[in-house]
Amino acid sequence: MISAIAFILIVVATASSGAIFKPGPWYETLRKPAWTPPKWAFPVVWTILYMMIAYAGWIVWQQVGWSAAMLAWGVQILANAAWSWLFFGRRRMDLALADIGVLWLSVAAFIVLAWPISTLAALLFLPYLVWVSTAGALNYSVLRLNSAR
936 MISAIAFILI
946 VVATASSGAI
956 FKPGPWYETL
966 RKPAWTPPKW
976 AFPVVWTILY
986 MMIAYAGWIV
996 WQQVGWSAAM
1006 LAWGVQILAN
1016 AAWSWLFFGR
1026 RRMDLALADI
1036 GVLWLSVAAF
1046 IVLAWPISTL
1056 AALLFLPYLV
1066 WVSTAGALNY
1076 SVLRLNSAR
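Quick note: the sequence shown, position 66, residue 1001 per my numbering, numbers continuous.
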């Protein structure tokens, strides 16, 4: 069986995408909506969410191993890692928005598929869905406000 440490390492690898491809001078010049969360909120929220993502994946893995729920977990972790690269690394807000759509769908799918396996694992993903919804709205707003760029 895959241990909890493996799930932690997978999530750390995913989080490293956000550490490598991070906001910089380019992002600072973009117009953003007034409701943009403060800079300090992003690392705090993501740290908490990443712990919940790892724990939820491990719980479901312990219960059923390879399953549709774990496929959704894998898709969301890949889409999560890709977003920072697309948005900050490639500066492709349009592709990042498409990616966050895949991320949102895979997070929602995990919640639905994990619910009968572990209500706790599904509930751990609810704040993640809220944050990804917020991030998606922010991505869309920044894209729209900066469409000439």
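Virtual Cβ for every residue (Gly too), placed ideally from N, Cα, C. Please read these numbers as outputs of a predicted model, since none were measured by experiment.
Nearest-angstrom Cα separation, counted from residue j out to residue i
| i | j | result |
| --- | --- | --- |
| Q1011 | L1048 | 13 Å |
| V995 | A1083 | 44 Å |
| P960 | G1024 | 12 Å |
| L1059 | A991 | 6 Å |
| A939 | L1073 | 32 Å |
| W1039 | M987 | 16 Å |
| G1000 | Y1075 | 35 Å |
| A1043 | E963 | 31 Å |
| W981 | V1037 | 18 Å |
Test item: CB-CB of residue i and residue j under 9 Å
| i | j | result |
| --- | --- | --- |
| A1031 | F1045 | no |
| D1034 | A1003 | no |
| L1080 | L944 | no |
| A989 | V946 | yes |
| M1028 | V1077 | yes |
| F1022 | F956 | yes |
| P972 | T1054 | no |
| W1050 | S952 | no |
| A948 | A1016 | yes |
Residue environment, residue i, which counts as buried when at least 16 other CB atoms sit within 10 Å
| i | result |
| --- | --- |
| W1018 | buried |
| S1041 | buried |
| Y1120 | Nothing can be reported for residue 1120, as the shown portion of the chain is limited to 936 through 1084. |
| W1008 | buried |
| W993 | buried |
| V979 | exposed |
| Y985 | buried |
| I1052 | buried |
| A954 | exposed |
Unbroken stretches of the beta strand (DSSP E), 3 residues or longer, contained in the stretch 1016-1067: Within the stretch 1016-1067, complete beta strand (DSSP E) segments of at least 3 residues are not found at all.
Runs of alpha helix (DSSP H) wholly within the stretch 958-1005 (minimum 4 residues, chain order): 960-964, 976-999
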